[in-house]
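In the UniProt record's numbering, the protein residues as written are 1 to 185.
We treat Cβ as the ideally placed atom computed from N, Cα and C, and that holds for glycine.
What follows is a short report on a single structure.
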């Protein structure tokens, strides 16, 4: 099968919501190949503890690529304890300039409970507006749903869960099997 005919991997919706002194990162569990669901229980949200400080990460894209990036991020965090933004920028610089890393296809949402960042392979480290970040195939649906709820009395976790449920109802590459990690600021 030629590369242009390969159906490609699809999946993942990750959302991060900051509200009320905490940040919640939630991700679905679906991995699809073309029109087939390969796995429905993948864990795409992880807690790292470099130097004793918890950081929560969610990833979209190739799993192997994301794990490579998570390992690199953990090393950057060990080198710059308590400085998530600096570690993220250092990772983004490496990702952008290293020929091996440039081929990695993934995106990350990371938080230490204070900062909420999106890291991309284009060298971007973005702090989203409104305290909400979303990536992946259903990211825009989850983002819109969370934005509609952010000014309500709902806590961050409930907003994230409801936004993911809405994304799962709309995006065929997103399911309702969630991994949710909460971290206080």
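According to DSSP, which residues form a beta bridge with residue i?
| i | result |
| --- | --- |
| residue 59 | 108 |
| residue 36 | 33 |
| residue 16 | 25 and 133 |
| residue 119 | 108 and 125 |
| residue 48 | 55 |
| residue 179 | 27 |
| residue 184 | 22 |
Should residue i be labelled buried (16 or more other beta-carbon atoms within 10 Å of its own) or exposed?
| i | result |
| --- | --- |
| residue 156 | buried |
| residue 99 | exposed |
| residue 137 | buried |
| residue 32 | buried |
| residue 2 | At residue 2 the pLDDT is 40, less than 50, meaning the model places this residue with poor confidence; the figure from the coordinates comes in the next sentence. Result: exposed. |
| residue 38 | exposed |
| residue 64 | exposed |
| residue 163 | buried |
| residue 58 | buried |
| residue 106 | buried |
In chain order, what residues of the same chain have a beta carbon less than 6 Å from the beta carbon of residue i, not counting five sequence neighbours either side?
| i | result |
| --- | --- |
| residue 84 | 112 and 115 |
| residue 179 | 27, 43 and 45 |
| residue 90 | 76 |
| residue 80 | 86 and 87 |
| residue 40 | 29, 30, 175 and 177 |
| residue 103 | none |
What whole-angstrom Cβ distance do residue i and residue j have, given they're in contact under 8 Å?
| i | j | result |
| --- | --- | --- |
| residue 14 | residue 109 | 5 Å |
| residue 30 | residue 174 | 6 Å |
Whose C-beta lies closer than 7 Å to the C-beta of residue i among residues of the same chain, with five residues either side of it excluded?
| i | result |
| --- | --- |
| residue 82 | 53 |
| residue 171 | 13, 137, 138 and 141 |
| residue 88 | 110, 117, 119 and 125 |
Pull up the distance between the alpha-carbon of residue i and that of residue j, whole angstroms please.
| i | j | result |
| --- | --- | --- |
| residue 78 | residue 121 | 21 Å |
| residue 22 | residue 56 | 12 Å |
| residue 92 | residue 165 | 31 Å |
| residue 134 | residue 76 | 23 Å |
| residue 194 | residue 96 | The chain is shown only over 1 to 185; residue 194 falls outside these bounds and no answer can be derived. |
| residue 168 | residue 119 | 23 Å |
| residue 125 | residue 117 | 6 Å |
| residue 72 | residue 66 | 10 Å |
| residue 61 | residue 48 | 19 Å |
| residue 127 | residue 185 | 15 Å |
| residue 69 | residue 24 | 21 Å |
| residue 50 | residue 154 | 31 Å |
| residue 123 | residue 74 | 17 Å |
Which same chain residues end up closer than 8 Å to residue i when comparing Cβ atoms and leaving out the 5 residues on each side of it in sequence?
| i | result |
| --- | --- |
| residue 150 | 17, 19, 130, 131, 132 and 159 |
| residue 161 | 26, 178 and 180 |
| residue 147 | 130 and 132 |
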